[in-house]
Amino acid sequence: MSADSHHHEQSFWQKYVFSVDHKVIALQYLFTGLFMGAIGGFLVYAFRMQLAFPGSEIPFYGLVNSASYNSLVTNHGTIMIFWFAMPVLIAAFGNFLIPLMIGCDDMVFPRLNRTSYQVFLLSVVVLIASFFVPQGAFGGAWTAYPPLSTTPTYSLTPWGAILWITAVTLELIAFLLGGINFITTLMNSRAKGMKMMDIPIVLWFIVIASVLFMASVGPLVAGAIMMIFDQTLHVGFFDPARGGDPILWQHLFWFFGHPEVYVVLLPAMGIVADVMCVFARKKLFAYKTVLYTAIATGVLSFFVWAHHQFVAGIDPRMANVFTVTTLLISIPVAEALFVYIATLYGGSITFSTPMLFALAFLVEFLIGGVTGIFLGASGADIFLHDTYFVIAHFHYTFVPIAIIATFAGIYYWFPKMFGRMYNEKLGKIHFWGTVLPFNTIFIPLFYLGMAGQHRRIFDFSNFPGLASDGYQTLRIIATVSLVIMILFQIPFVINLFYSIFYGPKAERNPWNANTLEWVAPSPPPHGNFEELPECYRGPYEYSVEGRELDYWPQNEKPV
Amino acid sequence: MGIIEQASSYAAQIDNLILIVGAFVMFWFVLAQGIIFYFLFRYRKKRQPKAEYITGEKHSETKFIHWAHWGVIACDLVIIFFAIKAWYHVKQELPTADTTIKIVGQQWAWEFTHPGPDNILDTEDDIVTIDELHIEVGKVHHYKLSSKDVLHDFSVPVFRLKQDAVPGRVITGWFKPIKTGEFDIQCAEMCGIGHGIMAAKLYINSKEDHAKWLESPNLKYTLYQEPKEEVEQ
Amino acid sequence: MRLHMSMDWRVRLRVPFYLLWLSVVGFCFPQTTFAGSRIKAQYQLCKKCHGLNGEGRYDIKTPAIAGLPAWYVVAQLKKFRNGARGKHPQDINGVRMRPMSRTLNAKDIAGVAEYVSKLKPTKPVSTVKGNIAKGELAYAVCKACHGANAEGNQVLNAPPLGMMNDWYLISQLKNFQRGIRGFDPVLDPTGASMVGMAQTLKTEQAMKDVVNYIFSIR
Chain F
1 MSADSHHHEQ SFWQKYVFSV DHKVIALQYL FTGLFMGAIG GFLVYAFRMQ LAFPGSEIPF
61 YGLVNSASYN SLVTNHGTIM IFWFAMPVLI AAFGNFLIPL MIGCDDMVFP RLNRTSYQVF
121 LLSVVVLIAS FFVPQGAFGG AWTAYPPLST TPTYSLTPWG AILWITAVTL ELIAFLLGGI
181 NFITTLMNSR AKGMKMMDIP IVLWFIVIAS VLFMASVGPL VAGAIMMIFD QTLHVGFFDP
241 ARGGDPILWQ HLFWFFGHPE VYVVLLPAMG IVADVMCVFA RKKLFAYKTV LYTAIATGVL
301 SFFVWAHHQF VAGIDPRMAN VFTVTTLLIS IPVAEALFVY IATLYGGSIT FSTPMLFALA
361 FLVEFLIGGV TGIFLGASGA DIFLHDTYFV IAHFHYTFVP IAIIATFAGI YYWFPKMFGR
421 MYNEKLGKIH FWGTVLPFNT IFIPLFYLGM AGQHRRIFDF SNFPGLASDG YQTLRIIATV
481 SLVIMILFQI PFVINLFYSI FYGPKAERNP WNANTLEWVA PSPPPHGNFE ELPECYRGPY
541 EYSVEGRELD YWPQNEKPV
Chain G
1001 MGIIEQASSY AAQIDNLILI VGAFVMFWFV LAQGIIFYFL FRYRKKRQPK AEYITGEKHS
1061 ETKFIHWAHW GVIACDLVII FFAIKAWYHV KQELPTADTT IKIVGQQWAW EFTHPGPDNI
1121 LDTEDDIVTI DELHIEVGKV HHYKLSSKDV LHDFSVPVFR LKQDAVPGRV ITGWFKPIKT
1181 GEFDIQCAEM CGIGHGIMAA KLYINSKEDH AKWLESPNLK YTLYQEPKEE VEQ
Chain E
2001 MRLHMSMDWR VRLRVPFYLL WLSVVGFCFP QTTFAGSRIK AQYQLCKKCH GLNGEGRYDI
2061 KTPAIAGLPA WYVVAQLKKF RNGARGKHPQ DINGVRMRPM SRTLNAKDIA GVAEYVSKLK
2121 PTKPVSTVKG NIAKGELAYA VCKACHGANA EGNQVLNAPP LGMMNDWYLI SQLKNFQRGI
2181 RGFDPVLDPT GASMVGMAQT LKTEQAMKDV VNYIFSIR
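Chains as they are written, first to last, in this note's numbering: chain F, 1 to 559; chain G, 1001 to 1233; chain E, 2001 to 2218.
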């Protein structure tokens, strides 16, 4: 029974909790993700305050001791990647956009979709439960290197560690189910006339990301099961005393962990591409090149994982190979960014809130991209590995991805998701209040990293070389900026919930965009379209010469 | 660099590598940001009410991308060369040792075994310390790094040196201090609830001072030797 | 046809509000579990190793601390901080304690010691076999400082022994005997005096006898 056969009245539970409608599932993922993002934000607030004002009681939290600091950083990292970036960027946007943008009524496997969210929700519950078990939440870093993570007498969080790895495993399973759905739907359910090269780039990117995810996650799931066995049955896969090897986990983890970066990067870049084209009224520059660079990045991302392990005790000759592959990956990524910049050329740019976020992604992600070169260069990584330089680098990639591009997407599709317009003024306040403090958080951290400050250290007073007042001032600047950035999320929350109910009603196509989701009513009903659209052209035919309108919807019949 | 001191023979090489990467990266970064901000200014709606239709598929349009593309490849090659050169020198070469020390990480302290006056490890006059490493300036030191429990990472920022300690393995590496002074040794791999306090001190002494320290290391304790007939765990 | 134009999105949007409500609950949770008074939060760290009730853990060789007198806890924490304890390379478990003591400032040390002393002492069970009569003879040396009922004596800086685990007492006697604890007569004069006392117990069995006796009089 497919989704479109649900004619009869559904109960509340059927409609909103156990729904198989891709849009409801998307919103479930979106709000669960934002909720987890808020928790992750709270955790970072607590431990950043500890770094700026060590040993003082933190308002709304209390004292951070060395053990709770570890739990805070561990769960901040885990939540932000697995429970915020992934559900929002892939699951929420993927679920919402794929059927709408290819002009079909629902996912190919709606029930699989529902199961995916339910497993995901279960993983959320398990993770949150890990905060409340005896001895507290897991504190062995989000990479969970054994033997620390597998041995309770070392980690001192016997239950927290088990629940943490269980939650991660469940989350991965949820996304495997979702990924199958995305790929199948995009390949099989496209509107009549929509050729491969007529697919909006954001969908391509979400689906390539799903392929990357599914191809890389196998080893990690195997590793996670081995870790659970080590923790509960003391099997010793990762225990050298029993013939195991702790480095094995690192390979399994990073074989997934590095493609994972691109799993979240690609949807973000897709969102940015679509938003930029609409608000620059420009055709995407070199559509095929963009697509091929994404595929090249994806393929290369499977051959770079050991650059996370240069100094981990791997054969030093191996590092040379991974230096080469790591630097090679800069080529397609740089090319993609060049193409994005070229898209702006000759445009007619409106600086609305989604566009501002999309442009900020471009500007900020560049910093994240170029600083990666320092870390990919093995010689420099000997020094920079696990310093705050790494922290600043990957936050300059992840914040543009998971926060800035996500906001671009939320604001851009807000009218379609909720049928109402957001408040532009609040949106702009939110934008500047997010992007400016973001830079003042992480630029000081680059400097501290260069000064040799390592990550995951709860109090630098034990290191005379790092305890100087000047460095402490930088830490305070970073923390204060973070608090400002968090406070500036309040306009977003107000905007979101106010506009959902009281915003001005949105038309079908408020942005004059080409893609098919704007053909559906706002918000689209169950089943999406009154009449399934047909597709006659590519998604980015803006400002075509000889046309009066500067856009040309994909479903408009050629004269 | 100038942010922190260069106390090992290869610190300058690593810093120079960072500077080389920095120079290339700066070039591309400033170029790209400059173009973005110029475009945003030049093609704002007020100034450009109607956009142009450019597909980006013609050769005349894509050539700018391709030039940039080859430029990136050229920069990558230079960076790869210098990166591997520095890596090879620090991690793959092993100059002949003047002295060898044993470093063992445990939760949450570093145990250093100095070879003592006879300069040979595993003899009676070894000097074992917790969280204090005393070395002589200008000598090539080999280290034998291992761990008693979990992963640790022996990190000396002024040396620009970092190496994980892995239980069940002994990892050999080297450094040659070139400057006297007292410096931090950190643990750079999450090792449990005391990771943030796993701080040791590095004392790089002149030849005379080091000889004096070897003579009387000023330790309050002596190591306990298990009597041969009595075996306990 | 699959038209559902009448579906009211506002009803559908109750879901986010449930989530918002959940998030409020979520924000309150960490506070109730992690926070509380400063000292209580500091003690959370001790619990990691010394057990949920401060009863000590044999698997990681941490002693029971619940109910130890505050002055004794303060003295030991200070010794760990200044390196009089936990700096001997063979004191593997003491080495683990040293960084923990360094997370506390002087005021916190007093507070945590006070807190620990108020915890309900757990009466450790006997885990070693020994001859109580022989132990009584050997305990004559200890009695002068630690008291006839092993109740301790603050004036002489002698801690009560009855609430410590017997395996811990034996391990510390060995450490004293071997110069692993009490090696610094300047920073740890009381420990240094124990070094001599511990020599009177020649064999491991003698130690077992005496801790059995201590457990019988506590």
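For each residue, glycine too, the CB sits at the ideal point set by N, CA and C.
Small disclaimer: the values here were computed from a predicted structure and weren't measured.
- Here the alpha carbon of PRO332(F) sits roughly 7 Å from the alpha carbon of ALA294(F).
- Against chain E, the beta carbon of SER66(F) has neighbours under 9 Å at LEU2045, PRO2099, MET2100, THR2103, listed in chain order.
- Taking a beta-carbon distance threshold of 8 Å, LYS2078(E) does not count as an interface residue toward chain G.
- Contact annotation: SER71(F) and PHE138(F) have beta-carbon atoms nearer than 8 Å.
- The Cβ of SER1216(G) sits no closer than 8 Å to any Cβ of chain F.
- About 23 Å separates the beta carbon of PHE398(F) from that of ILE1018(G), a gap too long to meet the 8 Å contact definition.
- For the pair ALA85(F) and ALA402(F), the Cα-to-Cα distance works out to about 5 Å.
- LEU356(F) has its alpha-carbon roughly 14 Å from the corresponding atom of TRP413(F).
- LEU2052(E) belongs to the set of residues whose beta carbon lies under 8 Å from a beta carbon in chain F.
- Listed in chain order, the positions of the stretch 123-136 of chain F with a beta carbon within less than 9 Å of a beta carbon of chain E are ILE128, PHE131, PHE132, PRO134, GLN135, GLY136.
- A residue is called buried once 16 or more other Cβ atoms fall within 10 Å of its Cβ, and ASN75(F) is buried on that count.
- The alpha-carbon separation between ASN439(F) and ILE1073(G) amounts to approximately 29 Å.
- With fewer than 16 other beta carbons inside 10 angstroms of its own, GLN1225(G) counts as exposed.
- Counting only the Cα atoms, ALA520(F) lies some 25 Å from GLY427(F).
- By DSSP's assignment, ASP1184(G) forms a beta bridge with LYS1201(G).
- Nearest CB-CB separation between GLU1124(G) and chain E: not below the 8 Å threshold.
- Contacts with chain E at 8 Å (Cβ-Cβ) include ILE1197(G).
- Counting C-beta pairs with one atom in each stretch, the stretch 106-122 of chain F and the stretch 178-196 of chain F have three or more that are closer than 8 Å, which means they touch.
- VAL1128(G) reaches chain E at PRO2089, counting residues in chain order whose Cβ is nearer than 7 Å.
- With contact defined as three or more Cβ pairs closer than 8 Å, the stretch 1155-1166 of chain G and the stretch 306-313 of chain F are in contact.
- Taken through DSSP and simplified to helix, strand or coil, GLY62(F) comes out as strand.
- Counting every other CB atom within 10 Å of its CB across the protein chains shown gives ASP1122(G) a total below 16, marking it as exposed.
- Residue state for LEU1161(G) is assigned as strand, using DSSP reduced to three classes.
- The beta carbons of ASN2165(E) and PRO2063(E) sit closer together than 8 Å.
- Excluding the 5 residues flanking it on each side, HIS251(F) has no same chain C-beta neighbour closer than 6 Å.
- For ILE128(F), the uninterrupted alpha helix (DSSP H) segment begins and ends at 110-129.
- For THR326(F), there is no enclosing beta strand (DSSP E); the enclosing alpha helix (DSSP H) covers residues 316-328.
- At a cut-off of 8 Å between beta carbons, LEU156(F) contacts chain E.
- Those residues of the stretch 12-37 of chain F placed with their C-beta closer than 7 Å to a C-beta in chain G do not exist.
- Rounded to the nearest whole angstrom, the CA to CA distance from PRO87(F) to GLY33(F) is 6 Å.
- Per DSSP, VAL299(F) lies in no beta strand (DSSP E); the unbroken alpha helix (DSSP H) holding it starts and ends at 287-300.
- Contact between VAL202(F) and ALA273(F) holds: their C-beta atoms lie close to 7 Å from each other, under 8 Å.
- Under the Cβ distance rule, LEU97(F) does not count among the residues neighbouring chain E, no pair being separated by less than 8 Å.
- In this model, ILE228(F) and ALA38(F) are separated by some 28 Å (Cα to Cα).
- In summary, ASP381(F) is buried, with 16 or more beta-carbon neighbours lying within 10 Å of its beta-carbon over all protein chains present.
- When the beta-carbon positions are compared, LEU496(F) and TYR471(F) stay at least 8 Å from each other.
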